[in-house]
Structures are given as C-alpha cells and as structure tokens.
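Respectively, the protein sequence lines represent chains X and W. Quick note on the working numbering: the first sequence kicks off at 23 and runs consecutively. Quick note on the working numbering: the second sequence kicks off at 61 and runs consecutively.
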Amino acid sequence: GQQVMQIPQYQHVQEGEDFTTYCNSSTTLSNIQWYKQRPGGHPVFLIQLVKSGEVKKQKRLTFQFGEAKKNSSLHITATQTTDVGTYFCAGHRTGNQFYFGTGTSLTVIP
Amino acid sequence: KAGVTQTPRYLIKTRGQQVTLSCSPISGHRSVSWYQQTPGQGLQFLFEYFSETQRNKGNFPGRFSGRQFSNSRSEMNVSTLELGDSALYLCASSSRLAGGQRDEQFFGPGTRLTVL
C-alpha cells in the first residue's frame with residue numbers, strides 16, 4: 023500500500039537556525055499538503071502543492087514538491103519559538119484518501 | 061464561519077464498551093474524514109464520507125464504523141473497545157474540487173478517548 027515517510031522524527035534547533043523536514047512517498051502523488059500541529063492542538067493547514075517541481079514560500083517557510091511528485095520538503099529559515107510544533111505532510115492520489123507522514127516534531131531552544 | 065466541532069471532547073470508557081463520536085463540519089463542506097492519532101503511529105486514516113457515502117476506508121478492523129447524515133454531520137462508532145483504542149480522534153472537513161483535486165482539510169479539536 024501507499025506509504026508516506028517523513029524525516030527526521032525529531033529536531034531540536036537553536037533559535038535563529040534553519041530547519042528542514044522531508045517527506046517521501048512510495049507512489050506518485052496528485053498533490054501534497056503540509057500541516058502544523060502545536061502541542062495540545064489540532065493540525066492546521068499550511069499549504070498545498072500540486073505541480074511537479076513547484077516551490078511556494080510563506081514568509082520564512084519554503085515548500086517544495088519534487089519533479090517526480092514523490093517527495094516534498096518544508097524549510098524554515100531563522101526559526102523562532104513560535105515555530106514549535108509538529109509538521110506533517112499529507113500526500114494524496116486522486117480518488118484516494120490523504121496519507122499522512124509520521125510528522126517531524128520541532129523544538130526551538132531560545 | 062464556525063469551525064469543525066467535535067463532541068464529546070473527552071471520554072473515558074472501559075474495555076468491551078462501545079462509543080460514538082460526533083463531528084459537525086464547516087457549513088458547506090460535504091467531505092468528512094476521520095483520523096486516529098497516537099504518539100507512536102501519528103495520524104492514521106479511518107474513513108472518509110462524502111454526501112452520505114463512504115468514499116475511502118483505512119486499514120482498521122470492522123469494530124470501527126461511521127456514517128454521515130444528510131446535513132453532512134458525521135459519527136464514528138467503535139464497538140468492543142480495546143486498550144489500544146485509546147487515542148485522539150480527529151475529524152476533518154473539506155471541499156472536493158474539480159478534477160479530483162482536494163482542498164485543505166479543516167480539523168476539529170478532537171475527542172480524547174481513554175480506554176481503561
């Protein structure tokens with residue numbers, strides 16, 4: 023069956039350092055979404071990528087979708103304490119459900 | 061617009077009992093998905109309903125079932141509870157776009173189920 027793997031599982035960074043999480047699918051995806059879940063909260067949508075090779079930016083966050091539409095990454099520049107949380111990717115193939123990655127838990131040390 | 065609501069927020073049950081969780085999607089959303097979240101397994105897809113029909117189903121035993129009503133509200137039921145069913149159960153509503161593309165999912169706050 024389809025799997026979406028996400029690495030790393032945990033990441034501790036000093037405030038101001040960069041952070042990247044990677045998502046890999048065993049099959050080609052129609053689109054991929056990214057979510058952030060704060061401790062004690064629920065996942066909140068960040069962005070959706072649809073096109074092969076697509077790059078989108080939201081302030082300090084940069085999202086990429088691989089050329090083969092099987093991998094994606096989220097990069098945060100100059101992390102802040104407000105970036106703390108778990109970041110999930112969710113891959114989707116047309117007609118199927120979303121497959122969530124296992125998530126990357128980000129800790130930012132002030 | 062009001063967000064996705066889930067009731068109850070917390071539930072404590074004992075093994076063997078059954079439980080029903082409720083989810084009210086954002087007004088106008090006809091797609092409701094259910095997920096089980098546990099620390100070790102992340103977000104596991106349970107099922108998705110669209111216009112009262114189950115469209116997709118995850119790899120869970122038949123003890124887990126759901127339904128959707130004509131007003132798009134959804135319920136999920138777990139029968140014969142086991143200790144391993146303790147988890148946060150999240151529902152998410154979304155719109156379905158043309159061409160099979162999917163819109164963002166809006167998650168509810170979840171129901172925290174503890175099985176003793």
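Backbone N, C-alpha and C define an ideal beta-carbon position, used for all residues, glycine too.
Review point. Does residue 103 (chain W) get closer than 7 angstroms to chain X when you measure Cβ to Cβ?
Key: What you label residue 103 (chain W) is simply residue 43 of the second sequence in a count that begins at 1. With respect to chain X, the C-beta atom of residue 103 (chain W) has a partner C-beta closer than 7 angstroms.
Check your understanding: Taking the C-alpha atoms as reference points, what is the distance between residue 115 (chain X) and residue 68 (chain X)?
Key -> The residue labelled residue 115 (chain X) in the question sits at position 93 within the first sequence. The residue labelled residue 68 (chain X) in the question sits at position 46 within the first sequence. Residue 115 (chain X) and residue 68 (chain X): Cα-Cα distance of roughly 19 angstroms.
Point to revise | Of the listed residues X:130, X:33, X:73, nearest to residue 52 (chain X) (C-alpha basis) | key: Position 30 of the first sequence, counting from 1, holds the residue named residue 52 (chain X). Among X:130, X:33, X:73, the Cα nearest to that of residue 52 (chain X) is on X:73.
Practice item. Could you list the residues in the region 106-124 of chain X with a C-beta less than 8 angstroms from some C-beta on chain W, going in chain order? Key: Of all residues in the region 106-124 of chain X, 110, 112, 114, 116, 117, 118, 119, 120, 121, 122, 123, 124 have a Cβ within less than 8 angstroms of some Cβ in chain W.
Review point. Going by beta carbon distance, what residues of the same chain come within less than 7 angstroms of residue 67 (chain W), once the five residues before and after it are set aside?
Key: For the purposes of this step, residue 67 (chain W) is taken as the residue at position 7 of the second sequence. By the criterion of a C-beta distance shorter than 7 angstroms, residue 67 (chain W) is surrounded in its chain by 82, once the five residues flanking it on both sides are discounted.
Check your understanding: Could one say the Cβ of residue 169 (chain W) lies closer than 7 angstroms to chain X's Cβ atoms, at least one of them?
Key -> Here residue 169 (chain W) refers to the residue found at position 109 of the second sequence. Taking a beta-carbon distance threshold of 7 angstroms, residue 169 (chain W) counts as an interface residue toward chain X.
Point to revise | Secondary structure of residue 178 (chain W), DSSP reduced to three states | key: Since the first residue shown for chain W is 61 and the last is 176, residue 178 (chain W) is missing from the structure and cannot be characterised.
Practice item. Please report how far the alpha carbon of residue 174 (chain W) lies from the alpha carbon of residue 121 (chain W), in whole angstroms. Key: The residue labelled residue 174 (chain W) in the question sits at position 114 within the second sequence. The residue labelled residue 121 (chain W) in the question sits at position 61 within the second sequence. Straight-line Cα distance between these residues: approximately 18 angstroms.
Practice item. Could you name the residues of chain X that residue 118 (chain W) contacts, counting a contact when the two beta carbons are closer than 8 angstroms? Key: Indexing the second sequence from 1 puts residue 118 (chain W) at position 58. Ordered by position in chain X, the residues that pass the 8 angstroms Cβ test against residue 118 (chain W) are 119.
Exercise for review: Step through the CB atoms of chain W and report whether any lies within less than 7 angstroms of the CB of residue 85 (chain X).
Suggested key: Taking the first sequence and counting its residues from 1, the one referred to as residue 85 (chain X) is at position 63. Not one chain W Cβ lies under 7 angstroms of residue 85 (chain X).
Review point. Between residue 47 (chain X) and the rest of its own chain, which residues show a CB-CB distance below 6 angstroms, the 5 nearest in sequence each way excluded?
Key: Within the first sequence, numbered from 1, the residue matching residue 47 (chain X) stands at position 25. Answer for residue 47 (chain X): 26, 92, 113, listed in chain order.
Check your understanding: Nearest-angstrom Cα distance between residue 63 (chain W) and residue 92 (chain W)?
Key -> By one-based count along the second sequence, residue 63 (chain W) stands at place 3. By one-based count along the second sequence, residue 92 (chain W) stands at place 32. Residue 63 (chain W) and residue 92 (chain W) have their alpha carbons spaced roughly 13 angstroms apart.
Practice item. Could you tell me if residue 147 (chain W) is buried or exposed, where buried requires 16 or more neighbouring beta carbons within 10 angstroms of its beta carbon? Key: Position 87 of the second sequence, counted from the start, is the residue given in the question as residue 147 (chain W). Per the 10 Å Cβ criterion, buried.
Point to revise | 7 angstroms Cβ cutoff met for residue 107 (chain X) and residue 28 (chain X) | key: Counted from its first residue, the first sequence places residue 107 (chain X) at position 85. Counted from its first residue, the first sequence places residue 28 (chain X) at position 6. Inclusion of residue 107 (chain X) and residue 28 (chain X) in the CB contact set at 7 angstroms is not warranted, their separation being larger than that value.
Exercise for review: Take every Cβ of the region 111-125 of chain W, pair it with every Cβ of the region 67-76 of chain W, and state whether three or more of those distances are shorter than 8 angstroms.
Suggested key: Remark: fewer than three beta-carbon pairs, one from each stretch, lie closer than 8 angstroms, so the region 111-125 of chain W and the region 67-76 of chain W are not flagged as touching.
Exercise for review: Look at the alpha carbon of residue 164 (chain W) and the alpha carbon of residue 41 (chain X), and state the distance between them as a whole number of angstroms.
Suggested key: For the purposes of this step, residue 164 (chain W) is identified with residue 104 of the second sequence, where counting begins at 1. For the purposes of this step, residue 41 (chain X) is identified with residue 19 of the first sequence, where counting begins at 1. Spanning the two alpha carbons is a distance of roughly 24 angstroms.
Review point. Taking Cβ positions only, does residue 34 (chain X) come closer than 7 angstroms to chain W?
Key: Taking the first residue of the first sequence as position 1, residue 34 (chain X) is located at position 12. Using a Cβ-Cβ cut-off of 7 angstroms, residue 34 (chain X) does not count as an interface residue toward chain W, since no Cβ of chain W sits closer than that to its own.
Point to revise | Spatial distance of residue 65 (chain X) from residue 152 (chain W) (CA atoms) | key: As a position in the first sequence, residue 65 (chain X) is number 43, starting the count at 1. As a position in the second sequence, residue 152 (chain W) is number 92, starting the count at 1. Straight through space, the alpha carbons of residue 152 (chain W) and residue 65 (chain X) are spaced by roughly 9 angstroms.
Review point. Distance, Cα to Cα, residue 80 (chain X) vs residue 98 (chain X)?
Key: Taking the first residue of the first sequence as 1, we reach residue 80 (chain X) at position 58. Taking the first residue of the first sequence as 1, we reach residue 98 (chain X) at position 76. Per the coordinates, the alpha-carbon of residue 80 (chain X) lies some 10 angstroms from the alpha-carbon of residue 98 (chain X).
Practice item. Locate the beta strand (DSSP E) running through residue 67 (chain W), then write down its first and last residues. Key: On the second sequence, residue 67 (chain W) is found 7 positions in, with the first residue counted as 1. Start and end: 65-67.
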